[in-house]
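2 protein chains.
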Amino acid sequence: MARERKFNTVELFHEAKQLLLQHGYDGFTFSLLADRMEVSRAALYKYYENKEELITDFMIYEMEEFLRDLKKMEELEGFEHQFDFLMELIFKKTEVHHLIEAAQQVLARIEHSIESKDKLKKLPLEMYKYLQGFILLGKKEGVLKNHLPDSLIIGFILQTVAIPNHFRIPQPEWVRSIKEMISQGMFTNR
Amino acid sequence: MARERKFNTVELFHEAKQLLLQHGYDGFTFSLLADRMEVSRAALYKYYENKEELITDFMIYEMEEFLRDLKKMEELEGFEHQFDFLMELIFKKTEVHHLIEAAQQVLARIEHSIESKDKLKKLPLEMYKYLQGFILLGKKEGVLKNHLPDSLIIGFILQTVAIPNHFRIPQPEWVRSIKEMISQGMFTNR
DNA sequence: ATCTAAAGTTACAGTTGTGTCACTTATATA
DNA sequence: TATATAAGTGACACAACTGTAACTTTAGAT
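Okay, structure coming up:
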């Protein structure tokens, strides 16, 4: 009934992600994206009205994927196993942290409410809800300090993956050290 | 000999900082800056050839200021006092961390070397050198764990201030909790 | 074989940003 | 008070991005 498509949503979002991480929201343009996809700029307008809509859709896609992975955490028994799983996950998806920040930027600038806007707003909250369950378990098991605010613990974990490894310390040592710092801190216990 | 200036470098850099943090490197324009300064765009070109030069100069200014503050740390006796001082400083200058990232972005995109480029390259290194002295002292005093890489410890401290306080936990509790997490971690020591 | 409709392209008008230059304005000092 | 000169402005040509509309291409259905 119609001709074959030159690209699919997965490819499109893959390139969009690169560009967003490289140039940020303001630096992201349809021209750049169209070039990368080897497709005319106008073709993109067949699917998205403007960059706001495209980026919103992409964000939702990206965060839903992360959430799907995150939910697998529940299947694991005990806090420490879940902790290990979470650390692996966020190191595999280092960019998610940057994208969440970018999402805030998007939301901050959208005035005229589009339907998908609400969805994008709700996703970080859902993510927080999931992680909060995890924190609660840790506190119940007596592994996590009770007096630390949940949101700080969550923020701390998400933030650490973004520490720039300027001196190229090998990944296994890097991850091991970060896990130690998160759990026991950097002070000796004298 | 000449007429009075409508703005000074301090004001200019102040506005430039806001815009950079808000829009990122790509979204930063002379038009936006000129509007904020209530001055014509062309006036800015009297002082800076283009945004690359302006931002480079601004970055240098900002990092030198941070370095000046940082050097006061040396005057304090003992690691723990220095640690407290450093924490206060980075909470007072939360944005520095974001700006260092932005600086990397700037450097990544400049091909044709300008004189100031080298200076901007050297400043983060000088900062690291200073902080490394501090880490060394902590290790010598036996307060810091010897086996953790210096660069990780430094990155960790700088990164923590960027944890978003979404739930508006009051500043004193927030800072106290972060200090505890950095030093002792989030696990109970059972 | 022909028709239909989605996929894709080209081209245009409008907007915003860039860098420059000729011009005007203000002020210290001679 | 006259003037040199730095500070600031307005306007131009150019480039890039945006959104749209008229057009062409392609492949499955009839």
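Protein sequence lines, in the order shown, are assigned to chains U and R.
Residue numbering for the first sequence follows our numbering, starting at 22 and increasing by one per position.
Residue numbering for the second sequence follows our numbering, starting at 22 and increasing by one per position.
Just so you know, even glycine gets a beta-carbon here, dropped at the ideal spot from N, CA and C.
The model shown is predicted, which means the values in this text are computed figures rather than measured ones.
In terms of DSSP beta bridges, what is U:LEU165 paired with?
For the purposes of this step, residue 165 of chain U is taken as the residue at position 144 of the first sequence. U:LEU165 pairs with R:PHE208.
Just to confirm the assignment, what range does the alpha helix (DSSP H) spanning U:TYR68 have?
In the first sequence, residue 68 of chain U corresponds to position 47, counting from 1. Unbroken run through U:TYR68: none, as it is neither H nor E.
Would a C-beta distance cut-off of 7 angstroms place R:ILE111 and R:VAL182 closer than the cut-off?
Within the second sequence, the letter at position 90 stands for residue 111 of chain R. Within the second sequence, the letter at position 161 stands for residue 182 of chain R. It is a contact, given that the beta carbons lie within the stated cut-off.
With a Cβ-Cβ cutoff of 7 angstroms, do U:PHE51 and U:LEU40 count as a contact?
For this step, residue 51 of chain U is matched to residue 30 along the first sequence. For this step, residue 40 of chain U is matched to residue 19 along the first sequence. No; because the gap between Cβ atoms is not below 7 angstroms, this pair is not in contact.
7 angstroms Cβ cutoff, R:MET84 in contact with chain U:
In the second sequence, residue 84 of chain R corresponds to position 63, counting from 1. For R:MET84, the answer is no, since every Cβ of chain U falls outside 7 angstroms of its Cβ.
May I ask you to report which of helix, strand or coil DSSP gives U:LYS160?
Counted from its first residue, the first sequence places residue 160 of chain U at position 139. If DSSP states are grouped into helix, strand and coil, U:LYS160 belongs with the helices.
Proximal chain U residues relative to R:SER198, where beta-carbon distance stays under 7 angstroms
Translated into the one-based positions of the second sequence, residue 198 of chain R becomes position 177. Here the neighbours are LEU169, PRO170 and LEU173.
Alpha carbon to alpha carbon, what distance is there between U:ARG57 and U:LYS143?
Within the first sequence, the letter at position 122 stands for residue 143 of chain U. Within the first sequence, the letter at position 36 stands for residue 57 of chain U. In a straight line, the C-alpha of U:LYS143 is about 31 angstroms away from that of U:ARG57.
Report the residues of the segment 181-194 of chain U with a CB closer than 9 angstroms to any CB of chain R, ordered along the chain.
THR181, ALA183, ILE184, PRO185, ASN186, HIS187, PHE188, ILE190 and GLU194
Say whether chain R places a C-beta atom closer than 7 angstroms to the C-beta of U:PHE177.
In the first sequence, residue 177 of chain U corresponds to position 156, counting from 1. It does: the Cβ of U:PHE177 has a partner Cβ on chain R nearer than 7 angstroms.
List, in chain order, every chain U residue whose beta-carbon is nearer than 7 angstroms to that of R:VAL164.
Indexing the second sequence from 1 puts residue 164 of chain R at position 143. Near R:VAL164 (Cβ distances below 7 angstroms), the residues of chain U are PHE208 and THR209.
Near U:GLY99, what residues of its chain come up, given a Cβ to Cβ distance below 6 angstroms and the 5 sequence neighbours on each side ignored?
Translated into the one-based positions of the first sequence, residue 99 of chain U becomes position 78. Excluding sequence neighbours, U:GLY99 sits near nothing in its chain.
Please list the partners that R:ASP90 has in chain U, where partner means a Cβ-to-Cβ separation under 9 angstroms.
For the purposes of this step, residue 90 of chain R is taken as the residue at position 69 of the second sequence. Within 9 angstroms Cβ-Cβ: nothing; R:ASP90 doesn't reach chain U, min ~21 angstroms.
Kindly indicate which three-state DSSP category R:HIS187 falls into: helix, strand or coil?
Position 166 of the second sequence, counted from the start, is the residue given in the question as residue 187 of chain R. Here R:HIS187 sits in coil by DSSP.
What does a CB cutoff of less than 6 angstroms around U:VAL117 pick up in its chain, not counting 5 residues either side in sequence?
Walking along the first sequence from the start, residue 117 of chain U turns up at place 96. So the qualifying residues of the chain are PHE87.
DSSP state of R:LEU146, grouped into three classes?
Stepping through the second sequence from its first residue, residue 146 of chain R is reached at position 125. It is helical.
Taking 7 angstroms as the threshold (beta carbon to beta carbon), is R:MET80 in contact with chain U?
On the second sequence, position 59 is the one that residue 80 of chain R refers to. Cβ-Cβ to chain U under 7 angstroms: no for R:MET80.
Does the Cβ of R:THR115 have 16 or more other Cβ atoms within 10 Å, making it buried, or fewer, making it exposed?
Position 94 of the second sequence, counting from 1, holds the residue named residue 115 of chain R. R:THR115 should be labelled exposed.
N-terminal and C-terminal residue of the alpha helix (DSSP H) that R:GLY99 is part of
Locating residue 99 of chain R in the second sequence gives position 78, where the first residue counts as 1. From DSSP, R:GLY99 is part of no alpha helix (DSSP H); its letter is neither H nor E.
Can you give the beta carbon distance from R:ILE175 to R:ILE190, rounded, assuming they're within the 8 angstroms contact cut?
Position 154 of the second sequence holds residue 175 of chain R. Position 169 of the second sequence holds residue 190 of chain R. Wrong, their Cβ atoms sit about 25 angstroms apart, outside the cutoff.
Looking at U:TYR46: is its Cβ nearer than 7 angstroms to the Cβ of U:ALA123?
Translated into positions along the first sequence, residue 46 of chain U becomes position 25. Translated into positions along the first sequence, residue 123 of chain U becomes position 102. Contact flag set, yes.
Are the segment 77-95 of chain R and the segment 163-180 of chain R touching, with three or more C-beta to C-beta distances below 8 angstroms?
no
What is the DSSP secondary structure of U:ARG197, reduced to helix, strand or coil?
If you number the first sequence from 1, residue 197 of chain U lands on position 176. The answer is helix: DSSP assigns U:ARG197 an H, G or I state.
Any C-beta of chain R under 7 angstroms from that of U:SER204:
As a position in the first sequence, residue 204 of chain U is number 183, starting the count at 1. Taking Cβ atoms only, chain R reaches closer than 7 angstroms to U:SER204, which makes this a yes.
Suppose contacts are defined by Cβ-Cβ distances below 7 angstroms. Is R:PHE177 in contact with U:MET202 by that definition?
As a working mapping, residue 177 of chain R is identified with position 156 in the second sequence. As a working mapping, residue 202 of chain U is identified with position 181 in the first sequence. Cβ distance < 7 angstroms, so R:PHE177 and U:MET202 count as in contact.
Please confirm if R:ASP47 has its CB atom under 7 angstroms from at least one CB of chain U.
To locate residue 47 of chain R, count along the second sequence from 1; it is residue 26. So, interface residue.
In angstroms with no decimal places, state the Cα-to-Cα distance between R:GLN208 and R:GLU147.
Position 187 of the second sequence, counted from the first residue, corresponds to residue 208 of chain R. Position 126 of the second sequence, counted from the first residue, corresponds to residue 147 of chain R. Contrary to the premise, residue 208 of chain R reads as Phe rather than Gln in this sequence. When rounded, the distance between both Cα atoms is 34 angstroms.
Integer Cβ distance of R:ILE184 from U:GLN153, believed to fall under 8 angstroms
Sequence index remark: in the second sequence, residue 184 of chain R carries index 163 (1-based). Sequence index remark: in the first sequence, residue 153 of chain U carries index 132 (1-based). Not confirmed; about 16 angstroms, so no contact.
List the whole-angstrom C-beta distance separating U:LEU33 from U:THR77, where the pair is believed to meet the contact cut-off of C-beta under 8 angstroms.
In the first sequence, residue 33 of chain U corresponds to position 12, counting from 1. In the first sequence, residue 77 of chain U corresponds to position 56, counting from 1. 14 angstroms between Cβ atoms; not a contact.
Would you say R:HIS102 lies against chain U (beta-carbon separation less than 7 angstroms)?
By one-based count along the second sequence, residue 102 of chain R stands at place 81. Not an interface residue.
With distances taken from CA atoms, which of R:SER172, R:PRO145 and R:GLN43 is nearest U:ARG130?
As a position in the first sequence, residue 130 of chain U is number 109, starting the count at 1. Selected option, being the one with the closest Cα: R:GLN43.
For a contact meaning CB atoms closer than 7 angstroms, what does U:HIS44 contact in chain R?
For the purposes of this step, residue 44 of chain U is identified with residue 23 of the first sequence, where counting begins at 1. What U:HIS44 touches in chain R: ASP47.
Nearest-angstrom beta carbon gap, U:GLY206 and R:GLN205 [assumed within contact, 8 angstroms]
Along the second sequence, read from residue 1 onward, the residue named residue 205 of chain R stands at position 184. Along the first sequence, read from residue 1 onward, the residue named residue 206 of chain U stands at position 185. Their Cβ separation, rounded to whole angstroms, is 4 angstroms, which keeps R:GLN205 and U:GLY206 in contact under 8 angstroms.
Can you list, in chain order, the residues of its chain with a C-beta nearer than 6 angstroms to that of U:ASP171? Leave out the 5 residues immediately preceding and following it.
Working through the first sequence from its first residue, we reach residue 171 of chain U at position 150. So the list reads GLN153 and ILE156, once near-sequence residues are dropped.
Do you know how far the Cα of R:TYR149 is from the Cα of R:LEU169?
Translated into the one-based positions of the second sequence, residue 169 of chain R becomes position 148. Translated into the one-based positions of the second sequence, residue 149 of chain R becomes position 128. Their backbone Cα atoms lie some 16 angstroms apart in a straight line.
Just how far apart, CA to CA, sit R:LEU75 and R:HIS119?
By one-based count along the second sequence, residue 75 of chain R stands at place 54. By one-based count along the second sequence, residue 119 of chain R stands at place 98. Straight-line Cα distance between these residues: approximately 17 angstroms.
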